[in-house]
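Counting from 1, position 77 in the sequence shown corresponds to residue 833 in the numbering used here; the numbering is continuous, with no gaps. A short write-up of the structure that comes next.
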Amino acid sequence: MVELWEKSRVYKIFRPYIDFCTRFSFRKIETVGPPPAFDGAVVIASNHTNTLMDPLVIMLPFPDGIVFGARADVFRRPGLARFFHNIKMVPLARRERELPEEVARNVQTFGEIDKALAHGIPFCLFPEGRHRTMHSLQPMRRGVAGIAFRSAAQRPTAIMPVGLDYSDWFHYRGVVRVWYGPLIDVNALAESIAAGEIDTDGRTAESARDACLQQLLYDKLSELIFFLPDDDKYEDRLAEVTAAKMLRPKFWRILQAIIGFPLFAICAVLSLPMWVPAECLCRWKIKDPAFQNTARFGVKMIGTPLFLIIWAVVFFLLLPWWAAAALLVLFIHSYSVFYDWTGLIRSLRRGEGIPLWK
757 MVELWEKSRV YKIFRPYIDF CTRFSFRKIE TVGPPPAFDG AVVIASNHTN TLMDPLVIML
817 PFPDGIVFGA RADVFRRPGL ARFFHNIKMV PLARRERELP EEVARNVQTF GEIDKALAHG
877 IPFCLFPEGR HRTMHSLQPM RRGVAGIAFR SAAQRPTAIM PVGLDYSDWF HYRGVVRVWY
937 GPLIDVNALA ESIAAGEIDT DGRTAESARD ACLQQLLYDK LSELIFFLPD DDKYEDRLAE
997 VTAAKMLRPK FWRILQAIIG FPLFAICAVL SLPMWVPAEC LCRWKIKDPA FQNTARFGVK
1057 MIGTPLFLII WAVVFFLLLP WWAAAALLVL FIHSYSVFYD WTGLIRSLRR GEGIPLWK
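Written as structure tokens, this is what we have:
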């Protein structure tokens, strides 16, 4: 089996197409600062709100790839487990959620992660432990600290905090902001704790070390996202901010909707074999709404090449070559145009999909 730090044949084939589909999943991807360079091992730690879309967005500026930690239960089917390994995903099990044998396998997984870090491949995980569609943060779990300090014991290691903000978690083709924050020097932090510069407050050195890094990472991430404290007033604050954004003039959006309707109608027909099953999946099969955009992404990735071939046969049999070629080019964009126009209407009606950080 190909090692995690190597590019498998599957990875080389799928990575450019996955990046293409990721970029087409958003109207705009805003990047704040390029990922900071570091001569050593890099552990990427991000907030987690949009399920699979989070790692897809984070890895865009890393052509050599990133190793990602994922829920262990998705690796239970051998075929899927091999595919996930080939695209640089590893299972990380939690005691309260996964099977005992999956938790026991964490030791092997940590070894694989350490080898990838030693070969210069960043490792990314979501230290909150689970996704949540809120503009806040859950407490950081100890896993990120354990991985980072184990690596720091062998080589220079830094944590790269990454903040993700989405204009809409539940509808396709929104805006996403990716903020690559300044690095946290794990070796320097470990030395400070060892030298007694940080109060352990009666805890063991390891426990104090992990807690210090968890709090530092929480503070850094809260600065990199549109952050609202998770307390009793969260919903009131969110409603206030959203209402203020809705006061913006609607004239240009109304004009866009009117002018763009003919194009929308054509694209709705061209992409109908894709958006209909996507919306059926979202409405009747997917229980967690946060997975809806992941489902639409999956339909985009599978459906585009399939229906491109089908439409090519139909168009070139029935139409002049130039008309067939034009419709095929339009088809490639039709899924995005369909969701752009419906998103525009939704923003006019309910104010949804407006970036709150602007």
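We treat Cβ as the ideally placed atom computed from N, Cα and C, and that holds for glycine. Computed from a prediction, not measured in an experiment: that's the story for all the values here.
Grab me the residues of residue i's own chain with a C-beta within less than 6 Å of its C-beta, minus the 5 sequence neighbours each way, in chain order.
i	result
Leu808	Thr1050
Pro883	Ala801, Met896, Arg897 and Val900
Arg993	Leu984
Please confirm whether residue i has its beta-carbon closer than 8 Å to some beta-carbon of chain C.
i	result
Lys1006	The chain labelled as chain C is not found in the depicted structure, where only one protein chain is given.
Near residue i, which residues of its chain fall below 8 Å by C-beta distance, leaving aside the five closest residues on each side in sequence?
i	result
Ile877	Leu760, Trp761, Asp820, Gly821, Ile822, Val823 and Lys844
Leu1100	Arg1009, Gln1012, Ala1013 and Gly1016
Gln971	Met896
Under 8 Å between the Cβ atoms of residue i and residue j?
i	j	result
Leu881	Ile915	no
Ala1013	Leu1104	yes
Asp775	Met890	no
Ala1080	Phe1072	yes
Met896	Tyr990	no
Leu848	Ala828	yes
Ile814	Val918	yes
Val934	Thr787	yes
Lys1056	Phe839	no
Pro791	Pro772	no
Asn862	Val758	no
Quick one: residues in its chain with C-beta nearer than 7 Å to the C-beta of residue i, no 5 flanking neighbours on either side, listed in chain order?
i	result
Leu1019	Val1093
Tyr922	Thr805, Asn806, Gly930 and Val932
Arg783	Arg929, Gly930, Val931 and Asp1096
By a C-beta neighbour count over all protein chains shown, 10 Å radius and 16 as the cutoff for buried, is residue i buried or exposed?
i	result
Gln910	exposed
Tyr1091	buried
Trp1031	buried
Lys1043	exposed
Arg1052	buried
Phe1063	buried
Leu945	buried
Asp795	exposed
Phe1007	exposed
On the DSSP bridge assignment, give the partners of residue i in chain order.
i	result
Val1085	Answer by DSSP bridge pairing: none, since Val1085 is not bridged.
Ala837	Looking at the DSSP assignment, Ala837 forms no beta bridge with any residue, so it has no partner.
Lys1114	BP columns for Lys1114 are empty, so no partner.
Lys1043	Note: Lys1043 sits in no beta bridge, so no partner.
Pro917	Ala801
In chain order, each alpha helix (DSSP H) run of at least 4 residues that lies wholly inside the segment 815-894:
834-842, 856-860 and 862-874
Unbroken stretches of the beta strand (DSSP E), 3 residues or longer, contained in the segment 922-964
930-936
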